[in-house]
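Residue numbers (the working numbering): 133 to 459.
Glycine included, every Cβ here is placed at the ideal spot set by N, Cα and C.
Here's the structure, in structure tokens; my notes come after.
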Amino acid sequence: MPSSLTISIAMCTYNGERFVQEQLESFSAQTRLPDEVVICDDSSQDNTLALLHDFASRAPFPVRIFINPENLGVAKNFEKAISLCSGDITALSDQDDVWLPEKLAIIERTFEASPEVGCVFSDAMAVDEHLQPLHYSLWDAIDFKPRYRNPAQKEFHQFILKGWVIAGATMAFRTQLVRPFIPFPADLYHDEWLSFVFCASAEISVLPHQLNKYRQHAAQCYGVKRASLFEELRGTKHVQRKYYLEFASRWVSAISLLCSHKDLNIKKIFLTAAIDQIKHLQARATMPGSLARRLPLIWQEAINGRYHRCSNGMRSILKDLLLFEQI
Numbered sequence: 133m134p135s136s137l138t139i140s141i142a143m144c145t146y147n148g149e150r151f152v153q154e155q156l157e158s159f160s161a162q163t164r165l166p167d168e169v170v171i172c173d174d175s176s177q178d179n180t181l182a183l184l185h186d187f188a189s190r191a192p193f194p195v196r197i198f199i200n201p202e203n204l205g206v207a208k209n210f211e212k213a214i215s216l217c218s219g220d221i222t223a224l225s226d227q228d229d230v231w232l233p234e235k236l237a238i239i240e241r242t243f244e245a246s247p248e249v250g251c252v253f254s255d256a257m258a259v260d261e262h263l264q265p266l267h268y269s270l271w272d273a274i275d276f277k278p279r280y281r282n283p284a285q286k287e288f289h290q291f292i293l294k295g296w297v298i299a300g301a302t303m304a305f306r307t308q309l310v311r312p313f314i315p316f317p318a319d320l321y322h323d324e325w326l327s328f329v330f331c332a333s334a335e336i337s338v339l340p341h342q343l344n345k346y347r348q349h350a351a352q353c354y355g356v357k358r359a360s361l362f363e364e365l366r367g368t369k370h371v372q373r374k375y376y377l378e379f380a381s382r383w384v385s386a387i388s389l390l391c392s393h394k395d396l397n398i399k400k401i402f403l404t405a406a407i408d409q410i411k412h413l414q415a416r417a418t419m420p421g422s423l424a425r426r427l428p429l430i431w432q433e434a435i436n437g438r439y440h441r442c443s444n445g446m447r448s449i450l451k452d453l454l455l456f457e458q459i
């Protein structure tokens with residue numbers, strides 16, 4: 133029976149000749165083929181465009197390629213690709229992953245079964261540059277434990293607001309829900325903004341499947357790696373006030389932008405969690421350099437639970453105790 137939904141893939145490329153072919157072929161290997169693939173290339177200087185056009189000439193579905201005359205950057209390039217999609221559902225794609233064959237079929241079934249769901253996202257299998265398993269998943273790497281995975285609970289929103297965004301490479305959504313929020317804010321990544329929008333205003337479905345091979349390699353923009361507490365502390369020279377202030381400022385701006393949409397029904401559970409997160413970031417940003425003066429403030433954030441709700445618990449406490457910027 134034909135699907136009642138159409139699905140677009142929004143893909144962004146930039147100098148991706150080394151890996152993009154495998155990702156493109158994984159689109160053709162889907163058990164439920166996409167209705168279109170929209171590719172925005174960000175002025176690649178290698179052989180990426182030739183590979184894209186070759187794939188478009190033989191793909192069993194329409195492939196529309198757009199070439200940016202100048203480099204837009206990742207976030208604005210995805211904004212453009214999403215704006216050009218015509219499907220009911222848009223699934224985002226990085227250029228260096230490989231999708232599992234059942235990915236689009238599972239996404240489609242989820243949206244068809246639950247008309248109220250606006251966004252879905254899944255786990256992903258971490259692999260090396262040769263697609264060999266690294267024996268951990270994306271969710272393992274970001275410590276996305278089962279207790280955080282219910283979007284109806286405050287723990288889910290708190291986790292997202294820590295900065296562990298719903299990875300764009302694992303995300304799909306109802307296209308019309310995003311259109312009012314284009315253009316994206318200049319100070320947020322595309323998946324950071326989309327995570328914020330959907331958590332604030334839409335129903336989300338968390339898919340307990342690893343639907344991508346999430347390739348880890350030296351040239352990628354973003355990656356994930358599991359680190360021990362010792363490795364994390366050793367790799368941190370000092371905690372920067374500027375980081376916390378900028379992080380808080382981004383959330384304040386994002387909330388203000390959401391509130392400017394008068395017809396948007398923002399979830400109270402999300403707004404409460406966002407305000408809590410902002411207060412915690414501001415508290416960490418304004419702690420004094422002196423350890424003796426800093427201790428009472430660290431203790432206050434610890435006993436009110438915000439280190440655990442809004443940061444990384446004991447790891448963050450140790451950072452503020454041992455590695456705080458002494459200026």
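Identified DSSP bridge partners for residue i
i: methionine 257; result: Ser269, Lys345
i: isoleucine 139; result: Ile221
Length of the line joining the Cα atoms of residue i and residue j
i: serine 140; j: leucine 236; result: 10 Å
i: lysine 277; j: proline 201; result: 42 Å
i: leucine 339; j: valine 252; result: 7 Å
i: lysine 294; j: phenylalanine 305; result: 22 Å
i: asparagine 397; j: valine 249; result: 15 Å
i: isoleucine 387; j: arginine 190; result: 44 Å
i: glutamine 414; j: alanine 380; result: 7 Å
i: leucine 450; j: alanine 417; result: 15 Å
i: isoleucine 171; j: glutamine 153; result: 13 Å
i: valine 384; j: isoleucine 401; result: 16 Å
i: leucine 320; j: tyrosine 375; result: 14 Å
i: threonine 180; j: leucine 270; result: 27 Å
i: phenylalanine 198; j: leucine 263; result: 28 Å
i: asparagine 436; j: serine 337; result: 30 Å
i: leucine 429; j: glutamate 324; result: 29 Å
Cutoff 7 Å; reference residue i; Cβ partners in own chain excluding five residues on either side
i: arginine 441; result: Gln290, Asp408
i: tyrosine 280; result: Glu287, Phe288, Phe291
i: glycine 219; result: Thr138, Ile139, Ser140, Asp167, Glu168, Thr307
i: leucine 156; result: Phe187
i: leucine 406; result: The identity of residue 406 in the sequence shown is alanine, whereas the question assumes leucine. Excluding sequence neighbours, alanine 406 sits near Leu293, Trp383, Ile387.
i: asparagine 147; result: Ser176, Gln177, Asp178, Thr180
Simplified DSSP state of residue i, which is helix, strand or coil
i: tryptophan 296; result: coil
i: threonine 180; result: helix
i: threonine 302; result: helix
i: aspartate 186; result: helix
i: threonine 145; result: strand
i: serine 381; result: helix
i: serine 158; result: helix
i: serine 215; result: helix
i: serine 327; result: helix
i: glutamate 433; result: helix
Residues of its chain near residue i, where Cβ-Cβ distance is below 6 Å and the 5 sequence neighbours each way are ignored
i: leucine 343; result: Leu232, Lys235, Ser254
For residue j and residue i, believed in contact at Cβ under 8 Å, the rounded distance
i: alanine 256; j: methionine 143; result: Going by Cβ atoms, the distance from alanine 256 to methionine 143 rounds to 16 Å, so no, they are not a contact pair.
i: valine 206; j: lysine 345; result: In fact, because the Cβ distance is near 20 Å, the residues do not count as touching under 8 Å.
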